[in-house]
Structures are given as C-alpha cells and as structure tokens.
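Reading through the structure tokens given below for one structure.
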Amino acid sequence: MRMICQAAALSAALLFGGASVASAASAPDVYSEVTAADIAEPGAVITDSAADLAAARTASQAIAWFSSRNGSTAYQGYCERAVRLAWDRVTHHASAIEHWRSSDGARHTTGTPPRGAFVFWNISAYGHVGIADGSGGVWATSVNGAIGHARQGYFANYLGWKPGNSN
Numbered sequence: 712m713r714m715i716c717q718a719a720a721l722s723a724a725l726l727f728g729g730a731s732v733a734s735a736a737s738a739p740d741v742y743s744e745v746t747a748a749d750i751a752e753p754g755a756v757i758t759d760s761a762a763d764l765a766a767a768r769t770a771s772q773a774i775a776w777f778s779s780r781n782g783s784t785a786y787q788g789y790c791e792r793a794v795r796l797a798w799d800r801v802t803h804h805a806s807a808i809e810h811w812r813s814s815d816g817a818r819h820t821t822g823t824p825p826r827g828a829f830v831f832w833n834i835s836a837y838g839h840v841g842i843a844d845g846s847g848g849v850w851a852t853s854v855n856g857a858i859g860h861a862r863q864g865y866f867a868n869y870l871g872w873k874p875g876n877s878n
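Here my numbering is used: the first residue of the sequence shown is 712, the next is one more, and so on.
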C-alpha cells in the first residue's frame with residue numbers, strides 16, 4: 712500500500728509540478744520513459760544473495776555480471792546498487808546522482824567512456840548509472856524495463872562518466 716501511495720504522489724508531483732517525461736513511444740532510441748519503478752524506495756531493506764556478492768574486480772567481470780542478468784527486472788529502481796554489486800564495491804552511495812556528485816572518482820564529460828566506467832544520466836531526482844562497454848554502449852537497468860545493453864544515448868540528459876572500480 713505504501714508503494715502505491717508513493718507512486719501516486721510521484722505521479723501527482725509530475726503532473727501538477729509541470730515536469731515532463733519523454734515518452735518511449737515518441738523516440739525509442741533516444742529516451743527511456745522514467746516511471747515510478749525507476750525511483751528506489753530509500754528506506755527499503757534488500758538483502759544481497761550469494762550470487763549478488765560474487766566478487767567482480769575487473770571491467771570484464773562487472774560487464775559479465777550485467778550480461779548474466781540480461782532481461783532481469785530485479786534491479787528496477789536500484790541502478791546504483793546494481794553497479795555496486797557488479798563491481799563488488801566497498802563504497803556505497805544512496806543514489807546515482809549522489810555517486811556522480813561525490814569525490815569518489817574524477818568526473819569526465821567528454822570522450823567515450825572506457826570499458827567498465829560508471830556512466831551517469833540526470834533522468835530523475837536520483838539520477839541513473841550504468842556500466843560502459845568501451846564502444847559507446849552501456850549495460851544498465853531500465854533498458855526496455857529491465858537489465859540490458861543499449862547505446863549510450865538511449866537515456867536522456869547524459870552527465871558523464873567516472874572510472875569503474877571496486878573501491
């Protein structure tokens with residue numbers, strides 16, 4: 712019930728606050744529609760499974776973590792958690808936008824993000840993050856509603872990238 716109320720509050724805020732969300736139907740290759748599923752419940756307690764905690768200390772291992780979960784909806788609204796688990800990171804951030812704004816790694820706004828880099832977008836109050844494939848593509852949550860691979864331009868409002876790491 713609490714989740715339904717939060718979703719209704721978010722919808723009302725978007726409707727009455729004048730905010731707009733790009734429709735996936737109008738430009739499927741450029742924007743991904745932001746839904747209530749993309750906004751994580753900050754107070755949610757989610758336990759990590761043994762598979763989630765498998766060490767991933769290299770870019771290839773982080774990408775393999777995402778690839779092995781291709782099509783999964785288990786991390787909808789939890790993009791920052793997904794990249795943390797993919798890299799087996801010690802450092803935790805409450806959201807993608809907090810990670811982007813943090814001193815945890817140098818921010819880059821130009822160039823193709825290298826393989827394994829954290830790639831950031833400003834698509835909601837919490838931001839969005841994925842992992843670069845090194846060729847202009849990314850692995851992320853919310854690609855057609857699930858974990859998937861897409862071009863870097865799939866999401867709107869690109870912020871930049873930070874080097875991937877297990878810090």
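Backbone N, C-alpha and C define an ideal beta-carbon position, used for all residues, glycine too.
Contact check, residue i vs residue j, beta carbons under 8 Å
i: Q787; j: V830; result: no
i: G875; j: A807; result: no
i: H702; j: G848; result: What is shown of the chain runs 712 to 878, which leaves residue 702 out entirely.
Residue closest to residue i, alpha-carbon to alpha-carbon, out of the options
i: S771; options: I808, H803, Y789, A843; result: A843
i: V826; options: R818, G845, N855; result: In the sequence under discussion, the amino acid at residue 826 is Arg, which differs from the Val named in the question. Minimum Cα distance to R826 is reached at G845.
i: I858; options: G782, T821, W776; result: G782
i: E809; options: H860, A775, S835, I774; result: S835
i: A775; options: W872, A797, S813; result: A797
i: S779; options: S877, P874, Y869, T852; result: T852
Endpoints, the alpha helix (DSSP H) within which residue i is located
i: I842; result: No alpha helix (DSSP H) holds I842; the beta strand (DSSP E) holding it covers 839-843.
i: V830; result: No alpha helix (DSSP H) contains V830, which is instead part of the beta strand (DSSP E) from 829-832.
i: H860; result: Segment 857-862 is the beta strand (DSSP E) holding H860; no alpha helix (DSSP H) there.
Integer-rounded CB distance, given that residue j should sit under 8 Å from residue i
i: F866; j: W832; result: 4 Å
Reduced DSSP category for residue i - H, G, I as helix; E, B as strand; rest coil
i: V794; result: helix
i: L725; result: Confidence is the limiting factor: at L725 the pLDDT is only 41, short of 50, which leaves the residue's position unreliable and the question unanswerable from this model.
i: T746; result: With a pLDDT of only 47 at T746, under the threshold of 50, the placement of this residue in the model should not be trusted; the figure read from the coordinates follows. Three-state result, T746: coil.
Residue i, enclosing beta strand (DSSP E) - first and last residue
i: A851; result: 848-854
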